[in-house]
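The block underneath contains the structure these notes are about, expressed in structure tokens.
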Amino acid sequence: MTSAPILSTSHLLGIEHLSVAEITGLLDLAETYAVLNRAQNKKTDVLKGRTLINMFFESSTRTQSSFELAGKRLGADVMNMSVKTSSVSKGETLIDTATTLNAMRPDILVVRHQDSGAAELLARKLDCCVVNAGDGSHEHPTQALLDALTIRRRGRAFEGLIVAICGDVAHSRVARSNIHLLLKMGARVRLVAPRTLLPADADRFGCEIHHDMKSGLAGADIVMMLRLQLERMSGAFVPSTREYFHFYGLDHKKLAYAKPGALVMHPGPMNRGVEIDSAVADDIEVSLIQEQVEMGVAIRMAVLDALARGLASGGRNAP
Ligand code: CP
43 MTSAPILSTS
53 HLLGIEHLSV
63 AEITGLLDLA
73 ETYAVLNRAQ
83 NKKTDVLKGR
93 TLINMFFESS
103 TRTQSSFELA
113 GKRLGADVMN
123 MSVKTSSVSK
133 GETLIDTATT
143 LNAMRPDILV
153 VRHQDSGAAE
163 LLARKLDCCV
173 VNAGDGSHEH
183 PTQALLDALT
193 IRRRGRAFEG
203 LIVAICGDVA
213 HSRVARSNIH
223 LLLKMGARVR
233 LVAPRTLLPA
243 DADRFGCEIH
253 HDMKSGLAGA
263 DIVMMLRLQL
273 ERMSGAFVPS
283 TREYFHFYGL
293 DHKKLAYAKP
303 GALVMHPGPM
313 NRGVEIDSAV
323 ADDIEVSLIQ
333 EQVEMGVAIR
343 MAVLDALARG
353 LASGGRNAP
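Under the numbering used here, residue 361 is the last one in the sequence shown; the count climbs by one each step, no gaps.
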């Protein structure tokens, strides 16, 4: 395996500023890790001697555990900071918390935070690599990368691919990162949502906008469902979750509007019976949800490897 640089920056803060070559380089590298992850011996030493800290201010199952596994499989020392039992509970700020951890000389800090821009702020203040594991409703770059890897491994070319992103776009960092990535790669992106769940500037994203599932899903190759993010809503954005499911929840009847053979994605965690019916989510003929989780580890290994290559070629911890 070559160790040529892939990223032009020492952080991964979003998809917006990545080039097609950088995205493709990460996907290609992740393919090799997807193979390794199915082998009996899943370990390499490309991050041997490196230290990775996970700092998650919001709950996570998939992202935190896959960054932890990714770091360990690459041979790094991995520390998961427990925000709940940290001095954050005594009022220590994000910056003070991060600079304290930075003084312990980690090589890579993976951060999830409820505020948009938090990862970028840390990248400006710290001298280790910063990875955005989700900041507010801004970006979740590794989610979009793992989604792209999952699509590509199913043999779907991005050019001309019709992807319908459905549901709570307004509060979704997953949607924003996927929109950036899919448009860069030549896909056609549709946003399918009630007006209350679309951002005010949605018409400037370069996507088609639909307010009903029938027209939004017509001819779609990929149907990407989004979680209704009740924790980010102040006030009622939908009359009731029951009514929401009736109009926007994906069941087999609505999926039939899409192209025959269309595949279903969801970043998780799912609200079953709200944005997606269990009969669709668990249908292995159409659902890519478990593959998305599997590819999450491979993508995060690729991202950590790519950042470590930058460190080795002149970062603060260069040998
Ligand atoms: N998709 C995603 O970010 O899931 P978690 O919140 O479980 O990490």
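Even for Gly, the Cβ is constructed at its ideal location relative to N, Cα and C. Quantities reported herein were computed from a predicted structural model and do not represent experimental measurements.
Exposed or buried, what is residue i when buried is set at 16 or more other beta-carbons lying within 10 Å of its beta-carbon?
i	result
asparagine 98	Per the sequence shown, residue 98 should be read as phenylalanine rather than asparagine. So phenylalanine 98 counts as buried.
histidine 308	buried
valine 216	buried
arginine 166	exposed
glutamine 332	exposed
proline 361	Any answer about proline 361 is weak, because its pLDDT of 35 lies below 50 and its placement is not dependable; what the coordinates show is given next. Answer is exposed; the Cβ neighbour count stays below 16.
threonine 46	Residue identity differs from the one stated: residue 46 is alanine in this sequence, not threonine. Exposed is the call here.
arginine 246	exposed
threonine 93	buried
alanine 76	buried
aspartate 324	exposed
glutamate 134	exposed
isoleucine 326	exposed
asparagine 83	exposed
glycine 258	buried
alanine 63	exposed
aspartate 243	exposed
Excluding the five sequence neighbours on either side, which residues of its own chain have a C-beta within less than 6 Å of the C-beta of residue i, listed in chain order?
i	result
valine 88	Leu116 and Asp347
serine 214	Leu268
glycine 248	Leu225
asparagine 359	Since pLDDT at asparagine 359 reaches only 43, below the 50 mark, its modelled position is unreliable, and no value is offered.
leucine 111	Val339
glutamate 250	Arg232
threonine 283	Val316
methionine 227	Phe200
Relative to the ligand CP, is the shortest distance from any of its heavy atoms to the C-beta of residue i smaller than 7 Å?
i	result
threonine 103	yes
glutamine 106	yes
proline 241	no
glycine 178	no
glycine 310	yes
glutamine 185	yes
histidine 38	Residue 38 is absent from the model: the chain starts at 43 and stops at 361.
So, at 7 Å on beta carbons, what are the nonlocal neighbours of residue i in its own chain, with the 5 sequence-adjacent residues on each side left out?
i	result
glutamate 162	Leu55
glutamate 285	none
isoleucine 318	Met267, Gly291, Leu292, His308 and Met312
isoleucine 57	Glu181, Pro183, Ala186, Ser219, His222 and Leu223
arginine 427	No answer is possible for residue 427: it lies beyond the span of the chain, which begins at 43 and ends at 361.
aspartate 157	Asp177 and Gly178
methionine 146	none
Could you name the residues of the same chain whose beta carbon sits closer than 8 Å to that of residue i, not counting the 5 residues immediately before and after it, in chain order?
i	result
methionine 255	Cys208, Val234, Phe289, Tyr290, Leu292, Lys296 and Tyr299
leucine 168	Ala140, Thr141, Asn144 and Leu151
isoleucine 137	Leu163, Leu164 and Lys167
leucine 240	Val211, Ala212, Leu233 and Ile251
leucine 191	Leu69, Ala72, Glu73, Ala76, Met337, Ala340 and Ile341
alanine 260	Tyr299 and Ala300
Original post:
Contact between the region 185 to 197 and the region 64 to 72: three or more CB pairs below 8 Å?
Top reply: At 8 Å Cβ cutoff, the stretches touch.
Subject >> Contact the region 166 to 178 vs the region 99 to 107: 3+ CB pairs below 8 Å >> reply: The region 166 to 178 and the region 99 to 107 touch, with no fewer than 3 CB-CB distances between them shorter than 8 Å.
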